[in-house]
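What follows is a short report on a single structure.
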Amino acid sequence: MSEHTLSLRIIKDRGFKTLVILFSFITIVPLLFILFHIIKNGIGVINWQFLTSLPKPVGEVGGGIANAIVGTFILIVMSCMLSIPLGVSAGIYLSERREGWLASLVRLSVDILQGIPSIVMGILAYAWVVLSLGTFSAFSGSVALGIMMLPIIVRSTEETLKLIPEMLKEASLSLGVPYYRTVLRVILPAGASGIVTGILLSVARVAGETAPLLFTAFGSPFMDVNIFKPVNSLPLVIFNYATSPYPSWHQLAWGASLVLVGMVLTLNFSAKLVTKRWKVQF
Amino acid sequence: MTNQTSLTKSENTLRSQPTVETESPSSTDYAYPPDKIFFGLLNCSALCTIALLIAIFITLIVHSLPSLKAFGITFLLTKTWDPVFGVFGALPFLIGTLLTSFLALAISLPFSLSIAIFLGEYFREGTASSLLKSAVELLAGIPSVIYGFWGLFVLVPLIRIVEMKLGVAPYGIGILTSAVVLAIMIIPYSASLGTEVIQLVPSDLKEAAFSLGATRFEVIGKVILPFARSGIVAGILLSLGRALGETMAVTMVIGNSNFLPTNIFSPANTMASVIANEFAEATETIYVSSLVEIGLLLFIVTMLVNLIGKYIINRMSVRVHHE
């Protein structure tokens with residue numbers, strides 16, 4: 001009898017393990033499927049002309065995504081300019097003032113900011129920038145993306161700087177170096193890799209965002225570098241082309257998807273590389 | 283005169299020097315002027331993040347005031363959404379959001395839990411675990427518009443075949459399709475947090491159970507999962523927060539119908555997708571403000587879900603550090 005229950009228990013144990021392994025690896029299937037479809041459909045579309053020419057009206061052969069690539073770049077650079085200074089200094093604040101009501105309030109706000117759905121961010125940038133300027137613009141899109149980047153930058157800066165030993169700071173202060181120089185010249189450089197990783201991850205996150213751009217950057221068929229005009233971006237192009245009824249546009253959308261996925265994965269990969277190569281170690 | 287002022291100035295600096303030395307480095311007052319400015323800036327940036335959040339909240343409330351005034355609580359209970367006649371009720375979108383999110387959660391749970399057990403207990407390191415880990419990271423990194431695009435062109439035809447077999451209207455797009463896409467998207471969130479908490483389970487607890495003759499399955503079921511339960515719940519809440527607010531992928535595959543969904547195959551709209559679809563076209567004040575009110579609701583709900591999740595994580599990490 002006991003023999004029997006023991007073998008039953010062992011069977012259950014083995015069965016469970018198999019089930020766990022099976023379910024875990026089933027998760028990889030959709031990933032492979034997605035990558036496979038993007039590469040299969042996208043690779044044929046991508047060529048020099050696709051990357052360097054402007055979109056063409058329906059019915060004309062060819063057309064590219066040059067303005068979307070430039071637009072994505074503009075949006076990312078501007079949202080970095082808006083979010084990095086504020087994010088890094090708020091991160092320094094949190095690592096220097098670990099206790100206190102203001103610090104915990106800041107942490108709470110950062111947590112809440114991180115959870116705000118991206119579409120709500122679009123509404124906000126619309127209300128703040130588009131309504132006051134009276135037009136859709138690249139700037140309004142960057143405001144939305146910048147707020148989305150902020151929490152990631154703050155948190156990664158805080159976490160990295162917390163790892164840096166007090167000794168380093170004390171040594172610098174004991175040499176008579178003023179506090180602000182200690183932070184800027186000793187603590188920040190020591191934590192640079194973590195901060196850079198955080199920034200790369202936040203860029204990777206917003207580079208693929210579409211929802212906040214729908215009614216801020218809006219999209220445009222022209223090459224425009226004026227930040228107070230509507231601008232195109234890769235995710236917007238994918239959304240507009242994918243939901244259009246024209247098969248030739250679907251092809252362009254696959255190409256744009258491959259470019260976007262390649263870009264986002266490269267950013268994620270370089271973030272990993274930065275952490276690995278250039279680790280904060282003490 | 284000038285000489286005197288410069289003298290008092292230098293005296294001041296001299297006098298203030300010792301206060302820097304004697305007080306601990308984490309004190310709030312730095313007499314050295316650049317330090318004062320530096321700390322002023324840091325304080326300012328800290329206050330900015332709080333001000334930003336308050337501004338977001340106020341903006342959403344102000345812009346949804348017309349609809350709040352016009353409809354009040356009936357906004358949540360009315361099932362008609364008719365911009366032409368100016369009747370706005372968010373019930374179809376509330377139901378659509380809840381159905382897609384919870385369905386996605388139910389679909390993703392077995393997978394994310396398996397991954398958490400796989401990475402947290404069975405294979406903590408090695409080729410298989412790093413392979414699975416990178417796959418999960420890749421899943422988290424793919425932009426949502428790509429999920430939507432893929433769902434629209436690959437998943438929709440598949441679901442259509444299933445629907446034909448089942449004998450329901452073969453739309454292909456609808457609640458079930460969005461739930462499947464969402465499920466794939468949220469697996470990484472609950473899986474990675476689950477892995478972390480399962481790794482936190484103290485090994486003496488596990489070893490004690492093993493020494494009593496428990497099989498690994500029994501250890502997982504009776505020691506690891508009960509210990510990690512609150513952390514796993516927190517992971518589920520965080521992925522729920524993500525599912526509730528997810529816009530693009532859902533917008534592309536849910537079918538954008540403003541009627542109350544009748545079953546899980548029917549096209550619908552979620553709170554996020556209706557904003558994405560209609561906000562740019564909305565012209566009348568009441569229309570725009572109804573959409574903003576949906577945004578406000580979405581903001582509040584995701585905030586609560588996320589905060590409860592974070593609270594559970596914090597409590598759990600405190601408990602683990604005490605033991």
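From first to last, the protein sequence lines stand for chains B and E. Mapping of the first sequence onto this note's numbering: residues 1 to 282, in sequence order. Mapping of the second sequence onto this note's numbering: residues 283 to 605, in sequence order. In this text, a Cβ means the ideal position worked out from N, Cα and C, and glycines have one as well. Predicted model, so just to flag it, every value in this text is computed and none were measured.
At a Cβ threshold of 8 angstroms, is residue i touching chain B?
i	result
E/S599	no
E/V444	no
E/L589	yes
E/R498	yes
E/F581	yes
E/N325	yes
E/W432	yes
E/A562	yes
E/S309	Unreliable positioning characterises E/S309 in this predicted model, as indicated by a pLDDT of 46, which lies under 50. A coordinate reading is not provided.
Determine the closest residue to residue i out of the options, with distance taken between C-alpha atoms.
i	options	result
B/W48	B/N240, B/T266, B/T182, B/V259	B/V259
B/I195	B/R14, B/I46, B/P85, B/G71	B/P85
B/L70	B/A253, B/W254, B/S233	Checking the sequence, you will find Val at residue 70 of chain B rather than Leu. Considering only alpha carbons, the answer is B/S233.
E/N559	E/F353, E/M446, E/F375	E/F375
B/S83	B/R277, B/V61, B/V154	B/V154
E/A333	B/G62, B/L105, B/A242	B/L105
E/A550	E/K361, E/P348, E/L347	E/K361
E/A337	B/L267, B/A171, B/I147	B/I147
B/E209	E/G423, E/V483, E/S539, E/P484	E/G423
B/I227	B/P178, B/I76, B/H37	B/I76
E/G591	B/G115, B/A127, B/T52, B/V231	B/G115
E/I389	E/A525, E/V450, E/I595, E/I568	E/A525
E/D317	B/V88, B/L184, B/Q251	B/L184
Nearest chain E C-beta to residue i closer than 8 angstroms, yes or no?
i	result
B/I123	yes
B/M1	Note that B/M1 scores 49 on pLDDT, short of 50, meaning its location in the model is unreliable; the coordinates nonetheless yield the value given after this. Output row for B/M1: interface = no.
B/T27	yes
B/T243	yes
B/L214	yes
B/L204	Just to set this straight, residue 204 of chain B is Ala in the shown sequence, not Leu. Interface residue, yes.
B/V120	yes
B/N232	no
B/T210	yes
B/V196	no
B/L82	no
B/A138	no
B/Y93	yes
B/E96	yes
B/V58	no
B/P133	This sequence places Leu at residue 133 of chain B; Pro is not what is there. So no, B/L133 is outside the interface.
For residue i, report the span of its alpha helix (DSSP H) as first-last.
i	result
B/T197	192-207
B/K162	138-163
E/I685	Lying outside 283 to 605, the shown extent of chain E, residue 685 of chain E is not represented and no answer is given.
B/D111	101-115
E/F384	373-399
E/A531	530-535
E/R442	438-448
E/R544	The residue you asked about is not Arg; residue 544 of chain E is Thr in the sequence shown. Looking at the DSSP string, E/T544 is not in any alpha helix (DSSP H), and its letter there is neither H nor E.
B/D224	Element bounds for B/D224: n/a, residue is neither H nor E.
B/G122	118-125
B/G71	66-96
E/W432	426-432
E/K351	315-353
B/V186	Premise fails: B/V186 is in no alpha helix (DSSP H) and is neither H nor E.
Indicate, with yes or no, if the ligand ADP has a heavy atom lying under 7 angstroms from the CB of residue i.
i	result
E/A372	Judged by which ligands are present, the structure shown has none, so any question about the ligand ADP falls away.
With a cut-off of 8 angstroms, does the C-beta of residue i fall near any C-beta of chain A?
i	result
B/W101	The chain labelled as chain A is not found among the protein chains of the depicted structure, namely B and E.
Threshold first: 4 residues or longer. Then list the alpha helix (DSSP H) segments lying entirely within the segment 483-524 of chain E, N to C. 485-493, 498-501
Contact between the segment 534-548 of chain E and the segment 427-440 of chain E is defined here as three or more beta-carbon pairs at a separation below 8 angstroms; is this criterion met? yes
Inter-stretch contact at 8 angstroms, needing at least 3 Cβ pairs: the segment 440-456 of chain E / the segment 365-385 of chain E: Between the segment 440-456 of chain E and the segment 365-385 of chain E, the count of C-beta pairs closer than 8 angstroms stays below three; the two stretches do not touch.
Is the segment 234-249 of chain B close to the segment 149-160 of chain B, with three or more CB pairs under 8 angstroms? no
Contact between the segment 566-573 of chain E and the segment 127-139 of chain B: three or more CB pairs below 8 angstroms? Not touching, per the Cβ criterion.
Taking one C-beta from the segment 363-377 of chain E and one from the segment 182-192 of chain B each time, how about it: are there three or more such pairs within less than 8 angstroms? No, the segment 363-377 of chain E does not touch the segment 182-192 of chain B.
Three Cβ pairs or more, each shorter than 8 angstroms: is that satisfied between the segment 454-462 of chain E and the segment 472-483 of chain E? no
Whole alpha helix (DSSP H) elements within the segment 27-54 of chain B, 4-residue minimum: 28-43, 48-52
Is there contact between the segment 335-347 of chain E and the segment 115-124 of chain B, where contact requires at least three CB pairs shorter than 8 angstroms? Yes: at least three Cβ pairs fall under 8 angstroms.
Contact between the segment 503-517 of chain E and the segment 404-421 of chain E (3+ Cβ pairs under 8 angstroms): no
Does the pairing of the segment 419-427 of chain E with the segment 257-273 of chain B give three or more beta-carbon distances under 8 angstroms? As far as the Cβ criterion goes, the segment 419-427 of chain E touches the segment 257-273 of chain B, which means the pair count is three or higher.
Touching by the beta-carbon criterion (3+ pairs, under 8 angstroms), the segment 202-217 of chain B and the segment 260-274 of chain B: Touching, yes.
Would you call the segment 17-34 of chain B and the segment 389-401 of chain E in contact, with 3 or more CB pairs under 8 angstroms? yes
Is it true that the segment 449-456 of chain E meets the segment 5-19 of chain B, where meeting means three or more beta-carbon pairs spaced less than 8 angstroms apart? no
Any contact of the segment 318-331 of chain E with the segment 92-109 of chain B, i.e. 3+ C-beta pairs under 8 angstroms? Segments in contact, yes.
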